[in-house]
Amino acid sequence: MKQPVGRPNSLSVVVADQIAADIRAGTWKKLLPGTRALAERYSVSRKTTLAAVDLLETQGMFHPSETGKRRRIRRPKKNLEQSQSKSQGTLLLLYDQVQSESSRHDSNVTVCRSVWNEAGGDVYVHKVDYDRFKRPRALLADLVEKHKIAAIVLLSPRREWILAAADLRPTYSMGGYWVPEFMGASAHGFNISDHFAQLIVHLHAHGHRRILTPNYREGQRSDAFLDSVKIGIEKANSTGGYLKNLQIDTPKCTSHNPEQWFRFWQESLRTYEPTAVIASRSIQMQSLYGFCAASKISIPHDLSVVCSEYSERSNWMWPRPTMLRHSETSVRRQLRKWITGGLRPTGMKELQLELVVGSSVNTLSVPQ
Numbered sequence: 001m002k003q004p005v006g007r008p009n010s011l012s013v014v015v016a017d018q019i020a021a022d023i024r025a026g027t028w029k030k031l032l033p034g035t036r037a038l039a040e041r042y043s044v045s046r047k048t049t050l051a052a053v054d055l056l057e058t059q060g061m062f063h064p065s066e067t068g069k070r071r072r073i074r075r076p077k078k079n080l081e082q083s084q085s086k087s088q089g090t091l092l093l094l095y096d097q098v099q100s101e102s103s104r105h106d107s108n109v110t111v112c113r114s115v116w117n118e119a120g121g122d123v124y125v126h127k128v129d130y131d132r133f134k135r136p137r138a139l140l141a142d143l144v145e146k147h148k149i150a151a152i153v154l155l156s157p158r159r160e161w162i163l164a165a166a167d168l169r170p171t172y173s174m175g176g177y178w179v180p181e182f183m184g185a186s187a188h189g190f191n192i193s194d195h196f197a198q199l200i201v202h203l204h205a206h207g208h209r210r211i212l213t214p215n216y217r218e219g220q221r222s223d224a225f226l227d228s229v230k231i232g233i234e235k236a237n238s239t240g241g242y243l244k245n246l247q248i249d250t251p252k253c254t255s256h257n258p259e260q261w262f263r264f265w266q267e268s269l270r271t272y273e274p275t276a277v278i279a280s281r282s283i284q285m286q287s288l289y290g291f292c293a294a295s296k297i298s299i300p301h302d303l304s305v306v307c308s309e310y311s312e313r314s315n316w317m318w319p320r321p322t323m324l325r326h327s328e329t330s331v332r333r334q335l336r337k338w339i340t341g342g343l344r345p346t347g348m349k350e351l352q353l354e355l356v357v358g359s360s361v362n363t364l365s366v367p368q
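Taking the UniProt record's numbering, I'd label the letters of the sequence shown as residues 1 to 368.
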């Protein structure tokens, strides 16, 4: 597998961190020096320097590069709204239309709305297609102007949405792209590799050695997913001791069509013969439960199932699935801290998840 997207394990990461630290310290305010000057400053090759600068650009530290010109350093705009009372404006709560099918979305919308409302502000909720808008600034600017928006909260956004929003108003991201402090936004999220490590250790302790987890993403996000699985295995080995004979397969299905997912389960379970499946989203788990019911596959006797996304609705499924759950209290605390702190950018806060054990995992007497 490739190294994690945006964080390759090389000298370029070290140089990127040094450049970012110097920018935050005020060494350069508007324009970054050329790669030759940077290479001399950090005593590395120009190739390493270029890789470091490209890495920082993908993370949002610079404006898009222009041929023959020095990189322009991105600075978050100092909006007047950042110093205003939290009750003096409307919050724009934005989420992807695909996420509306996710039960985690319901919880996030409820928490965000209640935290902003309790401060006396109004909330305008808007649904968009994240993938359709590669340059979303015009759309966001129109929404900000039309609804007199004071701040923006994005649910599981892409990088370009965070950058565009942070250029317009104080911005908070709930999940999605990892937000370095210099991107000019605040955020909380969960480490996906930790999800996998927790679930892998749990399944391995119950005798499972052949585990399947669908790769449902495309492009760089697909690579990042595979990296997270790889790192999750490494973390599982370090926390649970060396996990013998572990086989984890990641067949791909990026469709939003229920019938295609039905065929995906049919082909994947036949091909890989897993004893357990890790679903990343509750909708995947619901699809798998439906397939198993139609195919007379007994959960958990024939197949164990766990999910890294918690849903109250899923507690009505039988057998009740084992899931990972974040604390709503922690989410509320982070949002309140952002609001009472004047909506100033604070970067990413990593939150922990707890394992909620259901009855969807069978203990194998003989490890497979």
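Glycine included, each C-beta is placed from N, C-alpha and C at the ideal position.
CB contact flag (residue i, residue j, <8 Å)
i, j, result
"Val128", "Asp167", "no"
"Met323", "Ser330", "no"
"Ser280", "Ser308", "yes"
"Glu350", "Ser107", "no"
"Ser287", "Pro258", "yes"
"Val53", "Arg41", "no"
"Leu93", "His208", "no"
"Ile162", "Met183", "yes"
"Leu303", "Thr275", "yes"
"Arg325", "Tyr310", "yes"
"Trp116", "Val123", "yes"
"Ser193", "Ile248", "no"
"Ala197", "Pro170", "no"
"residue 369", "Val15", "Because the chain spans 1 through 368 in this model, residue 369 falls outside it and cannot be assessed."
"Trp316", "Ser186", "no"
C-alpha gap between residue i and residue j, whole angstroms
i, j, result
"Asp25", "Ala138", "Correcting the residue type first, residue 25 is Ala in the shown sequence and not Asp. So the alpha carbons of these two residues sit roughly 32 Å apart."
"Phe62", "Ile73", "5 Å"
"Cys253", "Thr90", "38 Å"
"Tyr272", "Leu212", "8 Å"
"Leu140", "Thr67", "28 Å"
"Gly358", "Arg344", "40 Å"
"His188", "Gly175", "6 Å"
"Trp261", "Pro251", "12 Å"
"Ile23", "Lys30", "9 Å"
"Pro157", "Pro319", "32 Å"
"Ser222", "Phe264", "17 Å"
"Lys78", "Arg159", "Caution is warranted here: a pLDDT of 48 is assigned to Lys78, below 50, making its placement in the model unreliable, and no coordinate value can be reported."
"Phe190", "Arg210", "25 Å"
"His204", "Ser298", "20 Å"
"Glu118", "Leu355", "30 Å"
"Lys47", "Leu32", "16 Å"
"Glu57", "Arg36", "17 Å"
"His256", "Ala165", "27 Å"
"Asp227", "Leu243", "18 Å"
"Glu234", "Gly120", "46 Å"
"Gly290", "Gln266", "11 Å"
"Lys86", "Arg132", "Because Lys86 carries a pLDDT of 44, less than 50, the predicted location of this residue cannot be relied on, and no value is offered for it."
"Val229", "Lys146", "42 Å"
"Ala20", "His206", "44 Å"
"Glu312", "Asp17", "40 Å"
"Ile278", "Leu55", "31 Å"
"residue 373", "Leu11", "Since the first residue of the chain shown is 1 and the last is 368, residue 373 is not available in this structure."
"Arg135", "Ala293", "43 Å"
"Ser238", "Tyr130", "36 Å"
8 Å contact criterion, which residue i and residue j should meet: CB distance rounded
i, j, result
"Ala236", "Ile200", "4 Å"
"Tyr172", "Val144", "About 15 Å; that fails the 8 Å criterion."
"Val179", "Gly347", "6 Å"
"Asn215", "Pro300", "Incorrect: roughly 23 Å between the Cβ atoms, too far for contact."
"Ala39", "Thr49", "4 Å"
Closest residue to residue i among the options (Cα-Cα distance)
i, options, result
"Leu335", "Val109, Arg36, Asp194", "Val109"
"Pro321", "Val305, Thr239, Thr275", "Val305"
"Lys69", "Val123, Val44, Gly34", "Gly34"
"Ser295", "Arg270, Ile278, Gly219, Met317", "Arg270"
"Leu353", "Ala165, His195, Arg113", "His195"
"Val111", "Tyr242, Asp142, Leu155, Lys134", "Leu155"
"Tyr177", "His202, Gln220, Asp17, Ala51", "Gln220"
"Arg217", "Gln284, His202, Ser238, Thr239", "Gln284"
"Ser360", "Thr239, His202, Ser238", "His202"
Inset, instruction - Can you check the stretch 180 to 209 for any alpha helix (DSSP H) of at least 4 residues that lies completely inside it and give the ranges in chain order? - result: Within the stretch 180 to 209, complete alpha helix (DSSP H) segments of at least 4 residues are found at 192 to 205, given in chain order.
Legend entry - Continuous alpha helix (DSSP H) assignments of at least 4 residues falling wholly in the stretch 203 to 270: If you keep only unbroken alpha helix (DSSP H) runs of at least 4 residues inside the stretch 203 to 270, you get 219 to 240.
Inset, instruction - Identify every run of the beta strand (DSSP E) within the stretch 90 to 141, keeping only runs that are complete inside it and at least 3 residues long; order them along the chain. - result: Counting whole runs of 3 or more residues, the stretch 90 to 141 contains the beta strand (DSSP E) stretches 90 to 96, 122 to 128.
Legend entry - Sequence ranges, alpha helix (DSSP H) only - wholly within the stretch 15 to 72, length at least 4: Those alpha helix (DSSP H) runs which fall completely within the stretch 15 to 72 and span 4+ residues are 35 to 42, 46 to 58.
Legend entry - Sequence ranges, beta strand (DSSP E) only - wholly within the stretch 138 to 180, length at least 3: The stretch 138 to 180 contains these whole beta strand (DSSP E) runs: 149 to 155, 171 to 174.
Inset, instruction - Mind listing, in chain order, the continuous beta strand (DSSP E) runs of no fewer than 3 residues lying wholly within the stretch 287 to 341? - result: As far as the stretch 287 to 341 is concerned, its whole beta strand (DSSP E) runs of at least 3 residues are 304 to 307, 322 to 326.
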